[in-house]
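Report on one structure; see the data block that follows.
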Amino acid sequence: MEQKTEKKKKATIIVLGGDFDKLFAAFTIATGAAASNMDVTMFFTFWGLRGIKKNMRTGRGFFGRMVGLIEGGDITKANPSKYGFLGMGRWMFGKMMKNKNVAGLTELRQLSIDLGVKMYSCITSMEIMEIDREQLIDEVAGVAGAALMVEEAQNSEISLFI
Amino acid sequence: MEQKTEKKKKATIIVLGGDFDKLFAAFTIATGAAASNMDVTMFFTFWGLRGIKKNMRTGRGFFGRMVGLIEGGDITKANPSKYGFLGMGRWMFGKMMKNKNVAGLTELRQLSIDLGVKMYSCITSMEIMEIDREQLIDEVAGVAGAALMVEEAQNSEISLFI
Amino acid sequence: MEQKTEKKKKATIIVLGGDFDKLFAAFTIATGAAASNMDVTMFFTFWGLRGIKKNMRTGRGFFGRMVGLIEGGDITKANPSKYGFLGMGRWMFGKMMKNKNVAGLTELRQLSIDLGVKMYSCITSMEIMEIDREQLIDEVAGVAGAALMVEEAQNSEISLFI
Chain A
5 MEQKTEKKKK ATIIVLGGDF DKLFAAFTIA TGAAASNMDV TMFFTFWGLR GIKKNMRTGR
65 GFFGRMVGLI EGGDITKANP SKYGFLGMGR WMFGKMMKNK NVAGLTELRQ LSIDLGVKMY
125 SCITSMEIME IDREQLIDEV AGVAGAALMV EEAQNSEISL FI
Chain B
5 MEQKTEKKKK ATIIVLGGDF DKLFAAFTIA TGAAASNMDV TMFFTFWGLR GIKKNMRTGR
65 GFFGRMVGLI EGGDITKANP SKYGFLGMGR WMFGKMMKNK NVAGLTELRQ LSIDLGVKMY
125 SCITSMEIME IDREQLIDEV AGVAGAALMV EEAQNSEISL FI
Chain C
5 MEQKTEKKKK ATIIVLGGDF DKLFAAFTIA TGAAASNMDV TMFFTFWGLR GIKKNMRTGR
65 GFFGRMVGLI EGGDITKANP SKYGFLGMGR WMFGKMMKNK NVAGLTELRQ LSIDLGVKMY
125 SCITSMEIME IDREQLIDEV AGVAGAALMV EEAQNSEISL FI
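Going down the list, the sequences are from chains A, B and C.
Take 5 as the starting number for the first sequence in the numbering used here and just add one per residue.
Take 5 as the starting number for the second sequence in the numbering used here and just add one per residue.
Take 5 as the starting number for the third sequence in the numbering used here and just add one per residue.
The following block contains the structure:
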């Protein structure tokens with residue numbers, strides 16, 4: 005009898021945005037795709053690195069420290085792309101989501117990890133912003149360049165840039 | 005004689021942005037794809053909901069009302085992502101487009117509808133922002149979650165996140 | 005003996021954003037895909053036109069001049085989507101990239117051209133913003149509408165909206 009092994013469909017999500025709404029969309033799509041039995045890869049670049057950073061300042065050099073001062077903090081500090089003033093929008097959306105029992109960013113990320121979503125960090129962004137591997141959460145699968153990202157994307161049924 | 009029925013190619017457009025330029029791009033691509041005989045599905049989420057809202061305040065609870073106060077208004081109130089100050093950019097782009105006889109947002113959306121573009125609203129965004137089905141235009145095909153969106157996207161030749 | 009000619013895989017990148025980080029991501033992905041032997045097409049629209057403009061004011065009419073006053077300048081004047089205040093973010097990122105020997109925007113664009121990336125300009129955006137063909141860099145392959153863009157995208161393994 006023939007054993008048929010169906011090849012899993014793939015999704016690649018490139019995350020440039022570090023705003024609450026961008027990260028929320030990215031992890032929602034990632035978990036949705038993984039729950040639909042897809043093989044999901046996420047590439048975090050530039051502001052998107054907030055999605056996989058630990059809660060610590062970034063950068064050792066002068067400029068790295070400057071970016072760290074402004075962009076410091078982990079996923080729990082992500083502000084919506086609008087109404088971010090003084091963390092107000094973040095507080096408001098946090099409240100609204102809790103009221104409706106909608107999973108927050110940290111839970112969505114954990115769910116992505118539990119569902120086997122692979123997360124990569126963009127090497128160029130890390131160099132520019134002076135972020136080390138140890139400053140990223142342990143679950144990150146690796147540090148990668150554009151070549152790996154392109155290879156994943158061209159073999160994916162869904163490729164999105166967020 | 006064999007009758008060959010060619011399967012239509014599909015396009016899925018996820019619309020997170022509610023800015024004038026984001027919505028303009030989304031509806032331009034949607035109409036372009038539909039005019040090229042593609043089967044087009046749009047998913048409106050978060051700020052993108054502006055693209056399919058009726059002209060009324062959103063939200064019934066406290067937070068919903070707050071978001072409504074700021075984000076109130078329909079597609080005609082979309083500001084460009086830059087120079088939105090006091091509706092100035094919206095007025096300027098409106099003038100520039102009229103001068104050049106370029107179709108505005110409302111016309112582009114109507115054209116999308118006429119060309120059979122299917123529009124879905126993201127259920128999670130509606131819950132968080134306290135938006136009801138009646139607050140969306142009648143032409144919306146339905147309210148959907150990430151699962152439907154992922155299924156559409158993985159069967160599409162074009163999937164874009166705007 | 006049979007000669008097997010493998011069809012090149014295709015990538016289509018639609019560039020709406022004119023921010024430093026958006027253009028940086030667009031050209032990085034374009035060069036990465038071209039280096040992986042893909043056939044790459046970029047469509048520049050709206051703010052993204054900054055990526056292929058010469059260093060001159062845009063627009064001849066009143067509104068075109070107004071946009072030109074604010075959006076004037078070429079790719080070297082692209083500010084990051086955050087911390088763009090007074091060109092500060094641009095200066096900072098320029099410094100950080102030079103420190104790390106990371107290629108700048110102008111070099112990345114030149115590399116894209118050298119690798120055969122085809123660049124198109126969106127005709128509607130040019131009309132609205134009153135930008136002429138002569139105001140774009142010579143290497144631009146042509147001015148195109150949504151129809152060409154859709155056709156390229158539906159035949160591409162990777163389609164991204166940036």
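Just so it is clear, CB atoms sit at the ideal spot from N, CA and C, and this is done for glycine as well.
This one's a predicted model, so the numbers in the text were calculated from it and none came from an experiment.
- At a C-beta separation below 9 Å, VAL147 (chain A) has no neighbours in chain B, since its nearest C-beta there lies roughly 24 Å away.
- For THR16 (chain B), the uninterrupted beta strand (DSSP E) segment begins and ends at 14-19.
- Around the Cβ of ASP142 (chain B), a 10 Å sphere holds fewer than 16 other Cβ atoms; the residue is exposed.
- Among the residues of the region 36-48 of chain A, those with a Cβ less than 8 Å away from any Cβ of chain B are GLY36, ALA37, ALA39, SER40, MET42, in the order of the chain.
- In this structure the region 18-29 of chain C does not lie against the region 36-51 of chain B, because fewer than three pairs of beta carbons, one per stretch, are closer than 8 Å.
- LEU140 (chain A) is bridged by DSSP to A:LYS57.
- Going by DSSP, GLY146 (chain A) is part of the beta strand (DSSP E) stretching over 146-148.
- A contact between stretches requires three or more CB pairs, one per stretch, nearer than 8 Å, and the region 138-158 of chain B meets this requirement with the region 117-128 of chain B.
- Rounded to whole angstroms, the gap between the alpha carbons of GLY98 (chain A) and ILE135 (chain C) is 43 Å.
- Ranking A:LYS26, A:LYS13, A:ALA37, A:GLY52 by CA distance to the CA of ILE117 (chain A) puts A:ALA37 first.
- Per the coordinates, the alpha-carbon of ILE79 (chain C) lies some 31 Å from the alpha-carbon of PHE50 (chain B).
- According to DSSP, LYS122 (chain B) shares a beta bridge with B:THR45.
- Rounded to whole angstroms, the separation of the alpha carbons of GLU131 (chain C) and LYS57 (chain A) is 43 Å.
- What GLU161 (chain B) touches in chain C, judged by beta-carbon distance under 9 Å, is ALA157, GLN158, ASN159, SER160, SER163, going in chain order.
- Following the DSSP letters along the chain, one finds PHE165 (chain B) in no alpha helix (DSSP H) but inside the beta strand (DSSP E) bounded by residues 162-165.
- For ARG94 (chain C), the closest of C:ASN105, C:ALA82, C:PHE28 by C-alpha to C-alpha distance is C:ALA82.
- Cβ neighbours of LYS12 (chain A) within its own chain (closer than 8 Å, five residues either side excluded): ASN41, MET42, ASP43.
- Here ARG113 (chain B) is buried: its Cβ has 16 or more other Cβ atoms, across all protein chains shown, within 10 Å.
- Within the region 117-138 of chain B, no residue has a Cβ lying closer than 8 Å to any Cβ of chain C.
- Within chain B, the residues whose beta carbon sits less than 7 Å from that of LEU20 (chain C) are ASP25, ALA29, listed in sequence order.
- The alpha-carbon of ALA107 (chain A) is positioned some 13 Å away from that of ALA30 (chain A).
- The beta-carbon separation of SER163 (chain A) and SER163 (chain C), rounded to 7 Å, stays under the 8 Å limit for a contact.
- The beta carbons of PHE165 (chain A) and PHE165 (chain B) sit about 6 Å from each other, so the pair counts as a contact at 8 Å.
- In summary, ARG137 (chain B) is exposed, with fewer than 16 beta-carbon neighbours lying within 10 Å of its beta-carbon over all protein chains present.
- The C-beta of THR32 (chain B) comes closer than 8 Å to at least one C-beta of chain C.
- In the structure shown, ILE135 (chain C) falls within a coil segment according to DSSP collapsed to helix, strand and coil.
- With 16 or more neighbouring CB atoms inside 10 Å of its own CB, THR32 (chain B) falls in the buried class.
- Counting along the chain, the unbroken alpha helix (DSSP H) around ASP25 (chain B) starts and ends at 24-39.
- Cβ-Cβ distances below 7 Å link GLY52 (chain C) to VAL19, LEU20, GLY21, GLY22 in the same chain, with the five nearest sequence neighbours on each side left out; the list follows chain order.
- A distance below 6 Å between beta-carbons, with the five flanking residues on each side excluded, links THR16 (chain C) to the following residues of its chain, in chain order: THR45, GLU156, ALA157, SER160, SER163.
- Burial is judged here by how many other beta carbons sit within 10 angstroms of a residue's own beta carbon; GLY55 (chain A) has at least 16 and is buried.
- Under the Cβ criterion of 8 Å, VAL154 (chain B) is not counted among the residues facing chain C.
- At a cut-off of 8 Å between beta carbons, ALA15 (chain B) makes no contact with chain A.
- Straight-line spacing of the CA atoms in ALA145 (chain B) and LYS122 (chain B) works out to 6 Å.
- In terms of Cβ geometry, LEU140 (chain B) and THR35 (chain B) do not form a close pair [threshold 8 Å].
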